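With numbering that gives the first Met the number 0, you'll find the sequence shown wraps up at 370, consecutive numbering, no jumps. What follows is one structure encoded as structure tokens, with my remarks underneath.
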Amino acid sequence: MHALPTGEAAAKLGAYELVLELATHDTTVLLARRTGPRSFARWVSIRYVGPFMGDEASALERIDREVQRATSVQHPCVLPIHEAGSLANGRYIVSDYIEGATIAEVIDGRPVPAAIVVAIATDVLSGLEAISRAEDARGRPLGLVHGRVSPRSIVVGLDGRTRVADMGLSSVPRKQDNEEVGTQSFHYDAPEVLAGATPTVRSDVFATAMVLYEALAGRHPLARARRPDEARRMLATPLPLLSIASPSVPVDLAEVIARALSLDESVRYHSAESFSAAIERALAPASFREVGAFVAERAGARVDAKRQLSNEWVRAHAAALGEPTISTVARLRQRARLIAARRRKEMRALAVVALVLAGAAMGVVAWKLSF
Numbered sequence: 000m001h002a003l004p005t006g007e008a009a010a011k012l013g014a015y016e017l018v019l020e021l022a023t024h025d026t027t028v029l030l031a032r033r034t035g036p037r038s039f040a041r042w043v044s045i046r047y048v049g050p051f052m053g054d055e056a057s058a059l060e061r062i063d064r065e066v067q068r069a070t071s072v073q074h075p076c077v078l079p080i081h082e083a084g085s086l087a088n089g090r091y092i093v094s095d096y097i098e099g100a101t102i103a104e105v106i107d108g109r110p111v112p113a114a115i116v117v118a119i120a121t122d123v124l125s126g127l128e129a130i131s132r133a134e135d136a137r138g139r140p141l142g143l144v145h146g147r148v149s150p151r152s153i154v155v156g157l158d159g160r161t162r163v164a165d166m167g168l169s170s171v172p173r174k175q176d177n178e179e180v181g182t183q184s185f186h187y188d189a190p191e192v193l194a195g196a197t198p199t200v201r202s203d204v205f206a207t208a209m210v211l212y213e214a215l216a217g218r219h220p221l222a223r224a225r226r227p228d229e230a231r232r233m234l235a236t237p238l239p240l241l242s243i244a245s246p247s248v249p250v251d252l253a254e255v256i257a258r259a260l261s262l263d264e265s266v267r268y269h270s271a272e273s274f275s276a277a278i279e280r281a282l283a284p285a286s287f288r289e290v291g292a293f294v295a296e297r298a299g300a301r302v303d304a305k306r307q308l309s310n311e312w313v314r315a316h317a318a319a320l321g322e323p324t325i326s327t328v329a330r331l332r333q334r335a336r337l338i339a340a341r342r343r344k345e346m347r348a349l350a351v352v353a354l355v356l357a358g359a360a361m362g363v364v365a366w367k368l369s370f
């Protein structure tokens, strides 16, 4: 994670000023801001995939189709797509920026409490259910799936709400870097997807269950696999039951996740909704407040670092271009609040006068009627 150039040298993507590079993997994730009318700045996240060369270039058309259809998904647990475009033989997608952390950052090699995991899971599965039920303008099912569920595509906000990101990217070629440290996107693919099948709702269920397994155990059971074929061979035998690999996990919850991780896709839950219902029957979820507090505790340093770097970028950018600084903006806002307070006070005074006059008028009418 590092800040990008400021001032006249600031990197731009259309109307967006690129501020931070947050992550680089199958996609490059950037923090950006768009300055609108009256210098109103909106923070967004931009995901860039590419460049695609040779045979991979055919993925661009598929990505375009997916992204176009994905814009129809509107759900509080799915990061909406505001804009998409082409850049250097690749594609970029603009979504909301959520102050928080990815599940990968929350896990960070340590187990996550079961109730927190359940709360995160219900949000993720709610978002995936909305994706699978998406319809076109005529009410016809679009047949969408996510196809890229992994800890890096799930964002948990400091508000305790979890959102699914990376919609429309299931056609992006998987990164297969033998030197890569840690898990890669193929580590969460279902066996049939590793074998070349098209992702389905049930493969999304599998991928979500694999994320939950990793969160509860604090480690990925297939982390040693460096290539998709190695992961597929390791999946030839069922994974250890979670309650054995991590004794603190309730047996009922472990069994639900084991079913979702079945090698036979017909045994898995047929929908994200049915998987979510089974999870909630096994264990009650934590509250939004508890999830937000846990994210702040586990990944607060990362969140603070992003906030500090972005604030430093804004200050440097403002100084380089001669724009109003943050302190100047704060003073202007304070002045606006004082003016608004004064106007409210004047309105209350006028209301009191109006009531007094109305009361006097009623008194005169009553006096006349008495004669």
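Beta carbons are placed, not taken as given, at the ideal position from N, Cα and C, and that holds for glycine. Just so we're clear, the structure is a prediction, and the values are computed from it rather than from any experiment.
Relative to the C-alpha of Val48, which residue among Arg90, Phe205, Arg258 and Ala69 is closest? Minimum Cα distance to Val48 is reached at Arg90.
Which word fits Met166, buried or exposed, when buried means at least 16 other C-beta atoms lie within 10 angstroms of its C-beta? buried
Look at Gly108 and Val155 and say whether their C-beta atoms are less than 9 Å apart. no
Rounded C-beta distance between Glu16 and Arg32? I'm assuming under 8 Å. 5 Å
Could you give the distance in angstroms between the alpha-carbon of Arg201 and the alpha-carbon of Leu211? 15 Å
Is it true that the CB of Ser275 sits closer than 9 Å to the CB of Ser125? yes
What first and last residue would you give for the beta strand (DSSP E) that runs through Leu86? Per DSSP, Leu86 belongs to the beta strand (DSSP E) from Ile80 to Leu86.
Along the chain, where does the beta strand (DSSP E) containing Gly126 start, and where does it finish? In this chain, Gly126 is not harboured by any beta strand (DSSP E); it is covered by the alpha helix (DSSP H) spanning Ala113 to Ser131.
If you follow the beta strand (DSSP E) that Arg218 is in, where does it begin and where does it stop? Taken as a continuous stretch (DSSP letters only), Arg218 belongs to no beta strand (DSSP E), as it is neither H nor E.
How about His74 and Ile130: do their beta carbons lie closer than 9 Å? Their beta carbons are under 9 Å apart, which means His74 touches Ile130 by this criterion.
What is the DSSP secondary structure of Gly373, counted as helix, strand or coil? The chain is shown from 0 up to 370; residue 373 falls before or after that span and cannot be answered.
What residues match up with Leu29 in a beta bridge as DSSP calls it? Glu20 and Ile45
Within its chain, find whatever has a CB closer than 8 Å to the CB of Arg288; leave out the 5 residues flanking it on each side and keep chain order. Excluding sequence neighbours, Arg288 sits near Gly159.
How about Ala208 and Leu260: are their beta carbons less than 9 Å apart? yes
In three-state terms, what does DSSP make of Ala203? According to the sequence shown, residue 203 is Asp rather than Ala. Residue state, collapsed to three classes: helix.
Could you tell me the alpha carbon to alpha carbon distance between Tyr268 and Leu59, rounded to whole angstroms? Their Cα atoms are separated by approximately 32 Å.
Given that a residue counts as buried once 16 or more other Cβ atoms are within 10 Å of its Cβ, and exposed if not, what is Thr26? buried
Pull up the DSSP beta-bridge partners for Ile153, would you. Answer is Val163, bridged to Ile153.
Whole-angstrom C-beta distance between Leu241 and Pro110, which should lie under 8 Å: Wrong, their Cβ atoms sit about 10 Å apart, outside the cutoff.
Could you check whether the region 226 to 240 touches the region 288 to 305, counting it as contact only if at least three pairs of C-beta atoms, one from each stretch, sit closer than 8 Å? Touching, no.
Is it the case that the Cβ atoms of Glu279 and Thr161 are separated by a distance below 9 Å? no
Using CA coordinates, which residue listed in Pro79, Ile115, Asp63 and Val18 is at the minimum distance from Glu296? Ile115
Counted within 10 angstroms of its Cβ, other Cβ atoms place Thr197 as buried (16 or more) or exposed: Counting of Cβ neighbours within 10 angstroms places Thr197 among the exposed residues, the total staying below 16.
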